[in-house]
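Colleague:
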Ligand SMILES: Cc1cc2nc3c(=O)[nH]c(=O)nc-3n(C[C@H](O)[C@H](O)[C@H](O)COP(=O)(O)OP(=O)(O)OC[C@H]3O[C@@H](n4cnc5c(N)ncnc54)[C@H](O)[C@@H]3O)c2cc1C
Ligand code: FES
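In this note's numbering, the protein residues as written are 3 to 235.
The structure is reproduced here in structure tokens:
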């Protein structure tokens, strides 16, 4: 159980929740959250948005029953968190280009923060695409060397990847597929996949995804994969 420190509505349906937690956490990993007894049946996977010793933060969108229950929690309430789970984004020393769409920006904040901590001289460029309203952009602007924002358009229309940059993306599968297709083969591309999850620890096969080398579990083998593993002909 973790105690909620804050749970604020940023814009309608988008919430930021901080809870008490201390432990090792990698960018791109996720926790299984639960604040109910039997209904809904399963805990819900939510990515690490930020972490400082003693404080773990999630950014989430209310889309159904589970996230709606989470949104009603108040400071001091308990929430069950299990994790961190998954492989996370790899640590790189090359320049970084990050592409996020919608609530897919959630794990990219901690990614950019850790990258800049480890590579203060490295360049980090961030592309963020939102359908209607943006959120969390200022935090990226304070950390990244460049932030390109698109609201209501197609963020990949503006994407230009420099030679030597490693690309990391999270968002709707169509966005990640477009990034995977358009980035030159010389640049490495990592994608963070979504799947319905039951256990989060590789035990139920509920999150299986097809890859070039056979079926993989998004919760344990992923959620981060190299583009050629999941987007291939
Ligand atoms: C590894 C991982 C990390 C995630 N990180 C975040 C995050 O940081 N912030 C965030 O807002 N959301 C994140 N999600 C998605 C989040 O888990 C779902 O939105 C949530 O489980 C929905 O639960 P619900 O009970 O509110 O909605 P439900 O009633 O379960 O579903 C509502 C709608 O959302 C769809 N949906 C539900 N779960 C998923 C899923 N796992 N993948 C795709 N579509 C789904 C359903 O098909 C349905 O259309 C993540 C998912 C994964 C797999
Ligand atoms: S969620 Fe159970 S194996 Fe991935």
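Backbone N, C-alpha and C fix where the C-beta goes; we use that ideal spot for every residue, glycine too.
Which residue's Cα is closest to the Cα of residue 93: 168, 213, 150 and 80?
Modeller: What you label residue 93 is simply residue 91 of the chain shown in a count that begins at 1. The shortest C-alpha separation from residue 93 is found at 168.
Colleague: Can you find a heavy atom of ligand 2 that lies under 7 angstroms from the Cβ of residue 205?
Modeller: Here residue 205 refers to the residue found at position 203 of the chain shown. Yes, Cβ of residue 205 sits closer than 7 angstroms to a heavy atom of ligand 2.
Colleague: If you check the beta carbons only, do residue 48 and residue 33 fall under 8 angstroms apart?
Modeller: Looking up residue 48 in the chain shown gives position 46. Looking up residue 33 in the chain shown gives position 31. Yes, they are a contact pair.
Colleague: Please report the straight-line C-alpha distance between residue 185 and residue 80, rounded to a whole angstrom.
Modeller: In the chain shown, residue 185 corresponds to position 183, counting from 1. In the chain shown, residue 80 corresponds to position 78, counting from 1. Approximately 43 angstroms, taken between the alpha carbons.
Colleague: Return the CA-CA distance between residue 157 and residue 104, expressed in angstroms with no decimal places.
Modeller: Stepping through the chain shown from its first residue, residue 157 is reached at position 155. Stepping through the chain shown from its first residue, residue 104 is reached at position 102. So the alpha carbons of these two residues sit roughly 11 angstroms apart.
Colleague: For residue 2 versus residue 23, is the C-beta spacing smaller than 8 angstroms?
Modeller: Not covered by the structure: residue 2. The range shown for the chain is 3 to 235.
Colleague: Say the cut is 7 angstroms; is the CB of residue 139 nearer than that to a heavy atom of ligand 2?
Modeller: Translated into positions along the chain shown, residue 139 becomes position 137. For residue 139, the CB stays at least 7 angstroms from every heavy atom of ligand 2.
Colleague: For residue 63, is the beta carbon positioned less than 7 angstroms from some heavy atom of ligand 1?
Modeller: Translated into positions along the chain shown, residue 63 becomes position 61. Indeed, a heavy atom of ligand 1 lies less than 7 angstroms from the Cβ.
Colleague: Starting from residue 12 and walking both ways along the beta strand (DSSP E), at which residues does that stretch end?
Modeller: Start at 1 with the first residue of the chain shown, and residue 12 comes out as number 10. Note, residue 12: beta strand (DSSP E), 4-13.
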